[in-house]
Amino acid sequence: MGRCVVDSLQTFDTLARSRPMRTTRRSRSALLASLLFATACVAVRELSARERGDPVEVRHARTLERRAARVPTDSLARLYMVALDAPEEQGGALLDAVSCQRLRLDWAYGRGPARIAVARMTDSLFATPALRERWEQAQGRWPIAGGVDFSCVRGLVPAPDSLSE
Numbered sequence: 001m002g003r004c005v006v007d008s009l010q011t012f013d014t015l016a017r018s019r020p021m022r023t024t025r026r027s028r029s030a031l032l033a034s035l036l037f038a039t040a041c042v043a044v045r046e047l048s049a050r051e052r053g054d055p056v057e058v059r060h061a062r063t064l065e066r067r068a069a070r071v072p073t074d075s076l077a078r079l080y081m082v083a084l085d086a087p088e089e090q091g092g093a094l095l096d097a098v099s100c101q102r103l104r105l106d107w108a109y110g111r112g113p114a115r116i117a118v119a120r121m122t123d124s125l126f127a128t129p130a131l132r133e134r135w136e137q138a139q140g141r142w143p144i145a146g147g148v149d150f151s152c153v154r155g156l157v158p159a160p161d162s163l164s165e
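In our numbering, the protein residues as written are 1 to 165.
Laid out in structure tokens, this is it:
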């Protein structure tokens, strides 16, 4: 399990023990944001000994790595940095913007490469404990998401998720 998934699950565990989940909207929004962050954390799996000898598996792993390296995550990183100090009133708009940008990356570059790139970006962006703490506080200010508006991907051609295409 990746380091960021463990951090997100520990954040949820801390929230669940500190207060009943029904008490505040912030608890629910922190839960949602932790789970959203955990789903972004996808570690590149290690190839087994059998797969390392298989040229098709090696080619697929290298192709996935190349695609992930080309995913531009700088706009998403800027949104995350803005969210660190944003007031509670802007939480809903920021959550929508982050969700939309993540959907656009998934749509344009494929789910696997985009999630690997976002996981790497968040690992480097929140490398220090102080930044992780600020990020957890920011998540507490966000409302509960009602869903993603798919109009933000209008006009984009979806990337194939299969590496054989």
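Glycine included, every Cβ here is placed at the ideal spot set by N, Cα and C.
Source: prediction; values computed, not measured.
Length of the line joining the Cα atoms of residue i and residue j
i: D94; j: T63; result: Rather than Asp, the amino acid found at residue 94 in this sequence is Leu. Approximately 32 angstroms, taken between the alpha carbons.
i: Q139; j: P87; result: 11 angstroms
i: P55; j: S99; result: 36 angstroms
i: W135; j: C152; result: 25 angstroms
i: L156; j: L103; result: 11 angstroms
i: R78; j: A97; result: 11 angstroms
i: R66; j: R111; result: 14 angstroms
i: S75; j: E57; result: 32 angstroms
i: C90; j: Y109; result: Residue identity check: residue 90 is Gln in the sequence provided, not Cys. Straight-line Cα distance between these residues: approximately 28 angstroms.
i: M21; j: F126; result: Note on M21: pLDDT 43, under 50, position unreliable in the model; no value is reported.
i: V82; j: W107; result: 23 angstroms
Buried or exposed (CB count within 10 angstroms, at least 16 for buried), residue i
i: F150; result: exposed
i: A159; result: buried
i: L84; result: exposed
i: P137; result: It should be noted that the sequence gives Gln, not Pro, for residue 137. Classification of Q137: exposed, given that the 10 Å Cβ count is below 16.
i: R154; result: exposed
i: R59; result: exposed
i: G53; result: exposed
**Asked** Between the region 113-121 and the region 131-139, do three or more beta carbon pairs fall short of 8 angstroms?
**Response** no
Report task. Only counting runs of 4 or more residues, tell me where the alpha helix (DSSP H) segments fall wholly within the region 102-148, in order along the chain. Result -> 111-125, 129-140
Quick check: the region 120-128 against the region 69-86, are there 3 or more CB pairs under 8 angstroms?
Taking a cut-off of 8 angstroms for Cβ pairs, the region 120-128 and the region 69-86 touch, as three or more such pairs fall below it.
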